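First residue of the sequence shown: 46, per my numbering; consecutive thereafter. Using N, Cα and C, we set each Cβ at its ideal position, and we do this for glycine too. Model, not experiment: these values are computed from the prediction. Just below is one structure, and these are the notes that go with it.
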Amino acid sequence: MKERDFNKLVYVSERPFWHFLIALPLYYFTISMVFKTIDLFSSGKVNEALKFVLATFFMFVCAVGLTFTKRVYANAKLKTVRFNFTLFKIPLCKDFIFEDVQYVSVFKNYSDRDFEIYIWQSETKKKSISVHLDLKSAFSYALKIANGLEVDVLDATEKGNFKWVAKKQV
Numbered sequence: 046m047k048e049r050d051f052n053k054l055v056y057v058s059e060r061p062f063w064h065f066l067i068a069l070p071l072y073y074f075t076i077s078m079v080f081k082t083i084d085l086f087s088s089g090k091v092n093e094a095l096k097f098v099l100a101t102f103f104m105f106v107c108a109v110g111l112t113f114t115k116r117v118y119a120n121a122k123l124k125t126v127r128f129n130f131t132l133f134k135i136p137l138c139k140d141f142i143f144e145d146v147q148y149v150s151v152f153k154n155y156s157d158r159d160f161e162i163y164i165w166q167s168e169t170k171k172k173s174i175s176v177h178l179d180l181k182s183a184f185s186y187a188l189k190i191a192n193g194l195e196v197d198v199l200d201a202t203e204k205g206n207f208k209w210v211a212k213k214q215v
């Protein structure tokens with residue numbers, strides 16, 4: 046069997062409908078600004094066209110930020126996790142793959158007052174994969190990934206009081 050056969054979808058980001066309502070005019074204006082930019086370049090107004098390129102890029106990035114989808118696939122047999130970012134089924138970048146995952150941890154960042162989720166590949170090699178503003182959403186996300194990988198979750202939200210969390214809390 047292929048390695049891909051063992052991948053299990055453990056998380057899909059859900060966008061509220063109002064994100065799409067806000068992004069719709071942004072996409073519309075992006076398309077119309079592209080045509081205006083082409084017109085400015087063809088008429089020789091390079092400085093104005095470059096300003097439009099910058100504004101068009103900014104508007105497009107805002108629209109993409111409101112509508113992209115993140116999917117997380119886990120492979121419990123190989124202990125790998127894959128992060129996939131798409132925009133209307135079009136890949137935005139190469140998939141991020143973490144291999145030999147030992148465990149997942151939720152860490153309280155006291156300087157920023159948020160919660161970070163780390164994937165640990167060894168005792169010293171860790172990678173931050175997500176930042177959440179509240180503890181409940183951070184643990185929900187971490188537990189989904191950990192259950193898909195069949196690894197443990199470390200609660201590192203209190204200084205000096207780290208605890209292992211039961212896996213079946215999703």
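- Residue 118: not part of any alpha helix (DSSP H); member of the beta strand (DSSP E) spanning 114 to 120, first to last residue.
- Contact annotation, residue 143 with residue 137: C-beta distance approximately 18 Å; criterion of less than 8 Å not satisfied.
- Annotation for residue 127: 118, 140 and 142 place their beta carbon closer than 6 Å to its own, counting only its chain and skipping 5 residues before and after.
- Across the set 147, 151, 173 and 99, the C-alpha of 147 shows the shortest separation from the C-alpha of residue 122.
- With respect to the C-alpha of residue 157, the residue from 179, 61 and 208 having the closest C-alpha is 179.
- By the C-beta criterion, the region 98 to 112 is judged to be in contact with the region 65 to 81, since at least 3 inter-stretch pairs fall below 8 Å.
- For residue 155, the secondary structure class from DSSP, reduced to helix, strand or coil, is coil.
- By the C-beta criterion, the region 77 to 91 is judged not to be in contact with the region 50 to 68, since fewer than 3 inter-stretch pairs fall below 8 Å.
- With contacts defined as CB atoms closer than 7 Å, residue 200 and residue 149 fail to qualify as a contacting pair.
- Residues 124, 125, 166 and 167 of the same chain have their beta carbon placed closer than 8 Å to that of residue 145, with the five preceding and five following residues left out of the count.
- For residue 176, the enclosing beta strand (DSSP E) starts and ends at 171 to 177.
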